[in-house]
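Below: one structure, written as structure tokens.
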Amino acid sequence: MSDKNKLPLIYQLLLNRFGYQGWWPIRAEGEHNSNYHPKDYSFPKNDNELFEICVGAILTQNTSWKNVETALLSLRRHNAMSPSGIKRLPASKLAQIIHSSGYHNQKAKKLKAFVDFYLNNKGIITRESLLNLWGIGPETADSMLLYGYKVPIFVVDAYTRRIMGRIGFKENSYGDIQKLFMENLPADHKIFNEYHALLVELGKNICKSKPMCNYCPLKSICKYGNLR
DNA sequence: TTCCAGGCAATAC
DNA sequence: GTATTGCATGGA
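So the first sequence is numbered by the working numbering: it starts at 2 and just counts up by one.
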């Protein structure tokens, strides 16, 4: 099997093992916490939910979602989970509120920069314009576009790179890996959504820095797994 | 104690 | 142009 033909197969194997993931975790009407909503691709349903996804995308940079969740709760408690709420706060105060997410001084500055942009560009958000902002790189921009704006663009993260590298794909840069997925799968935001979430699930639980290949649903097609 | 987490910008070479 | 370093909290 050629490498490219593996992409749909990997998706099926991951889906069979882990099931639908229901990303992006979001606090819906009447819910207290951010929750996953498997097989429901209607989120975000409004501007508040969209904004919350964008905030989460910035806060989760190189940080566990658990720490981000604490920071999101803190923002809500301080009445600051909105563009105006964040704009009104001094960066130092904002940093205190989100401290559990780590890098809180940097992330406070990133949130401020994003909010200014967001308020000045209602609804018109391009990848390029996001990348021009201080604090937003390719993964954060693509996460906002895919999970917030339902744009069919593939999100590449550290897990994706590790997993694809171990399986034996030669593509290594963000752009090359992204192209690999986008040129060999239907351009459907629901599929890109699940696929990325499933890769995270595999990377978190099995294809860790110390991989547990014996439990891996991809063992049969993985170069690294077959060496073990 | 050490390592790692749903990156990015600044700096060094 | 690529490699390294600083940013920081919290759980395993």
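Even glycine gets a Cβ: it sits at the ideal position worked out from N, Cα and C.
Counting along the chain, the unbroken alpha helix (DSSP H) around S144 starts and ends at 139 to 144. At a Cβ-Cβ threshold of 9 Å, D143 and R163 do not count as neighbours.
A direct Cα-to-Cα measurement between Y225 and L147 gives close to 30 Å. Here the segment 196 to 211 lies against the segment 151 to 171, with 3 or more beta-carbon pairs under 8 Å apart. Judged by DSSP secondary structure, L181 falls within the alpha helix (DSSP H) whose first and last residues are 175 to 183.
In the three-state DSSP reduction, I11 falls in the helix class (H, G or I).
C-alpha of P9 to C-alpha of A81: approximately 41 Å in a straight line. Between G31 and the set S221, G176, E50, the nearest pair of CA atoms involves E50. In this structure L219 touches I11 by the C-beta definition: roughly 6 Å separates them, less than 8 Å. Distance from the CA of N173 to the CA of K180, rounded to the nearest whole angstrom, comes to 11 Å.
In this chain, the alpha helix (DSSP H) harbouring K94 covers 92 to 98.
Taking 9 Å as the cut-off, the beta carbon of I54 is found no closer than this to the beta carbon of A72.
For the pair I222 and C214, the CB atoms are not nearer than the 9 Å cut-off. Pairing L112 with V56 gives a Cβ-Cβ distance under 9 Å. The beta carbon of P39 is closer than 8 Å to those of G20, Y21, Q22, G23 in its chain, skipping five residues each way along the sequence.
Residues N185 of the same chain have their beta carbon placed closer than 6 Å to that of K5, with the five preceding and five following residues left out of the count. Residue pairing of N36 in beta bridges, as defined by DSSP: I27. Taking 9 Å as the cut-off, the Cβ atoms of I154 and F115 do not count as close. Here the C-alpha atom of L132 lies approximately 20 Å from the C-alpha atom of M183.
Cβ contact annotation for C217 (same chain, cutoff 8 Å, sequence separation greater than five): L203, I207, C208, C223, G226, in chain order.
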